[in-house]
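To convert, take the position in the sequence shown, counting from 1, and add 1; that gives our numbering. Glycine is no exception: its CB is placed at the ideal position from the N, C-alpha and C atoms. This report refers to the structure that appears directly beneath it.
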Amino acid sequence: MAGHSKWANIKHKKAATDAKRGKIWTRLIKELQVAAKEGGGDATANPRLRLAIDKAKAANMPNDNINRAVTRGAGGGEGQDFEEIRYEGYGIGGAAVMIDCMTDNRVRTVAEVRHALSKNGGNLGTDGSVAFMFDHVGQFFFGPDVSEDAIMTVALDNGASDIITDDDGVTEVLCDPADFEALQAAFVRENLTPEEADITMRGQNDIELSGDDALKMQKILDMLEDLDDVQQVYTNAVMDVES
């Protein structure tokens, strides 16, 4: 995997997130509601809700919006019931895609996901068709300006399972999802700020794409992420998005 591709993908994702702030808030509100409904409205006893609140605050969502979403989800107000669904499929060059959705209309959602894939050269697969290609992990990315030695010291002392530094000096730290919060807190204590931090599905083997293939794959991902019912898109494609 070329180092510049990983870093370019991180920057591209952050830029896309900043450009779609309103849509991000809508997704976060759904996640807050579902997390509170599933595990209760007490964030101290609900890890999924704690992570959702952290993401909402990182996206500069006002506390009143967060509290209303949590209250609705925990049963203290009226709100839609969302069903969580994961779809699996393929993009360009055999790259795998997993799409996590929250929806109140499964028929609409699957039609939109299938269209986004097929319109740009991908296709929807069956349950389990690509899931085995991904690992469920806690993941942190640090930019090249952050000391690799400092990252390693904290990571190794606080449950990290792997530390990977690429050619551009980007350091990726992986851990078991159960260790994510403790490791994140340890980084905060040492004033080490990641570019990204999340519990995610990470591809076991990267599929490198460049040129037209990279552009087509990016169109697939962008179109999927623009769908209202889509919460998160995972892929093992690594694209040279600056080509």
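Spatial distance of residue i from residue j (CA atoms)
| i | j | result |
| --- | --- | --- |
| L29 | M202 | 18 Å |
| P63 | I25 | 13 Å |
| K217 | G92 | 9 Å |
| E196 | G144 | 6 Å |
| F83 | D65 | 21 Å |
| V108 | R115 | 11 Å |
| A187 | T154 | 10 Å |
| N68 | L50 | 11 Å |
| L175 | E191 | 18 Å |
| L228 | E113 | 7 Å |
| E182 | V189 | 11 Å |
| M240 | A75 | 40 Å |
| I86 | M103 | 6 Å |
| D214 | D223 | 14 Å |
| E226 | V234 | 7 Å |
| K120 | S211 | 19 Å |
| D150 | D180 | 20 Å |
| T110 | A117 | 11 Å |
| I165 | T45 | 31 Å |
| D169 | A57 | 30 Å |
| S162 | L184 | 11 Å |
| I208 | L157 | 28 Å |
| A132 | E39 | 23 Å |
| D128 | N206 | 20 Å |
| Q219 | N124 | 15 Å |
Where residue i falls: helix, strand or coil (DSSP)
| i | result |
| --- | --- |
| E84 | strand |
| T205 | The question names Thr, yet the displayed sequence has Gln at residue 205. DSSP places Q205 in coil when its eight states are reduced to three. |
| A3 | In this predicted model, A3 has a pLDDT of only 36, less than 50, meaning its place in the structure is not dependable; the value taken from the coordinates is given anyway. The answer is coil: DSSP assigns A3 none of H, G, I, E or B. |
| M218 | helix |
| D65 | helix |
| D55 | helix |
| G90 | strand |
| L228 | coil |
| A60 | coil |
| G42 | coil |
| S244 | For S244, the predicted model reports a pLDDT of 42, less than 50, meaning its position is unreliable; a value from the coordinates is still stated below. Note: S244 maps to coil in three-state DSSP. |
| G76 | helix |
Option nearest residue i by Cα separation, candidates the options
| i | options | result |
| --- | --- | --- |
| V171 | R109, S148, V131 | S148 |
| V231 | G94, G41, D158, V98 | V98 |
| D43 | T72, R87, D207 | T72 |
| E89 | I100, A96, S162 | I100 |
| A37 | K58, A57, A70 | A70 |
| D105 | V35, C176, E182, A59 | V35 |
| D48 | T166, D207, D167, L33 | Note that residue 48 is Pro in the sequence shown here, rather than Asp. Selected option, being the one with the closest Cα: L33. |
| P178 | M240, G160, Q219, K58 | G160 |
| G204 | V138, A215, D213 | V138 |
| I152 | E173, D207, F135 | E173 |
| I221 | I208, A132, G122, G40 | G122 |
| N141 | L118, A198, V239, A46 | The sequence shown places Phe at residue 141, not Asn. The option with the nearest alpha carbon to F141 is A198. |
| G126 | D146, I208, G95 | G95 |
| N237 | E39, F135, E85 | F135 |
| K31 | I54, T45, A46 | I54 |
| T194 | E39, A46, A59 | A59 |
| I200 | S130, K120, L52, D150 | L52 |
Short CB-CB distance (under 7 Å) between residue i and chain D
| i | result |
| --- | --- |
| Q233 | Protein chain content of the structure displayed is limited to a single chain, and chain D is not contained in it. |
Beta bridge counterpart(s) of residue i as assigned by DSSP
| i | result |
| --- | --- |
| I100 | Y88, V234 |
| V239 | E209 |
With a floor of 4 residues, list each alpha helix (DSSP H) that falls wholly inside the region 165 to 212, ordered by position along the chain. 181 to 190
Pick out the complete alpha helix (DSSP H) segments inside the region 104 to 172, 4 residues or longer, and give them in chain order. 107 to 120, 149 to 158
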